Amino acid sequence: ESGCGGCSMFVDNVGHFALPHLHARDTSLVLVSPAPQGDIERLRQRMGWTIPWFTTTDDFSEDFGVAEYFGLNVFLREGEEVFRTYFTGGRAAEAIGPVWSFLDMTPLGRQETWEDSPEGYPQDPPYSWWRLHDEYEPQQSR
Numbered sequence: 002e003s004g005c006g007g008c009s010m011f012v013d014n015v016g017h018f019a020l021p022h023l024h025a026r027d028t029s030l031v032l033v034s035p036a037p038q039g040d041i042e043r044l045r046q047r048m049g050w051t052i053p054w055f056t057t058t059d060d061f062s063e064d065f066g067v068a069e070y071f072g073l074n075v076f077l078r079e080g081e082e083v084f085r086t087y088f089t090g091g092r093a094a095e096a097i098g099p100v101w102s103f104l105d106m107t108p109l110g111r112q113e114t115w116e117d118s119p120e121g122y123p124q125d126p127p128y129s130w131w132r133l134h135d136e137y138e139p140q141q142s143r
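Quick note on numbering: the sequence shown equals residues 2 to 143 in the working numbering.
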C-alpha cells in the first residue's frame with residue numbers, strides 16, 4: 002500500500018517539486034525499486050508524485066549494495082559510458098530531504114528519543130512519526 006517506509010518518505014519529500022529545478026541544471030532524478038510496476042503506479046497516482054519510477058528486473062539493487070534498504074546512487078553519463086559517482090544509504094540520505102533538514106533547525110528538532118530535548122517535551126522513537134502526506138490528521142492553524 003505505501004511501499005518501503007524510508008523510500009516512500011524520501012519520495013514524499015522530493016516527488017512533487019524536484020524535477021523542474023533539477024532539469025534546469027541538466028540533471029534527472031529517477032527511482033528504481035523491486036516492486037511491481039502496478040504497485041508503484043498506484044502509489045504514484047495516490048500521492049501525486051510525478052517522478053519517474055522504474056521496476057528492477059535484475060540484480061541492480063544487489064549490485065549497488067542496497068538489496069534490503071534505501072540507497073541513493075548518483076551516476077554521471079559521459080557519452081555512452083555511465084559512472085557511479087556517489088552513494089549513501091539509510092539515515093545519511095535524510096540530509097537531502099527538506100522535512101528532516103527543516104526540523105533539525107528547529108529548537109525541538111525531530112522530537113525523537115535520540116535527541117537531547119528538555120524534560121517534558123514530546124519525544125517518539127525514531128521513524129515512528131513518519132507518514133506520507135495524505136496520512137496525517139488535519140491540523141488546526143495556530
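Ideal placement from N, C-alpha and C gives every residue a C-beta, glycine not left out.
Because the structure is a prediction, the values reported are computed rather than measured.
query	result
Taking only the alpha-carbon atoms, compute the straight-line gap between R26 and A96 and give it to the nearest angstrom.	20 Å
Could you tell me whether the segment 70 to 84 touches the segment 40 to 52, where touching means 3 or more Cβ pairs closer than 8 Å?	no
Note the first and the last residue of the continuous beta strand (DSSP E) segment covering G39.	Here G39 belongs to no beta strand (DSSP E); instead the alpha helix (DSSP H) covers Q38 to M48.
Got a sec, what are the start and stop residues for the alpha helix (DSSP H) G7 sits in?	G6 to V15
For F71, name the three-state secondary structure that DSSP assigns.	coil
Compare the Cα-Cα distances from W50 to each of A93, V100, G66 and L20 and report the closest residue.	L20
From Q112 to P123, what distance separates their C-alpha atoms?	6 Å
Sorted by chain position, which residues of the same chain lie with C-beta nearer than 7 Å to T86's C-beta, five sequence neighbours on each side aside?	V75, F76 and L77
Between G98, G16 and G72, which lies nearest to M48 when the distance is taken from Cα to Cα?	G16
Indicate the three-state DSSP secondary structure (helix, strand or coil) for D125 in the structure shown.	strand
Decide if L109 is buried, meaning its Cβ has at least 16 other Cβ atoms within 10 Å, or exposed.	exposed
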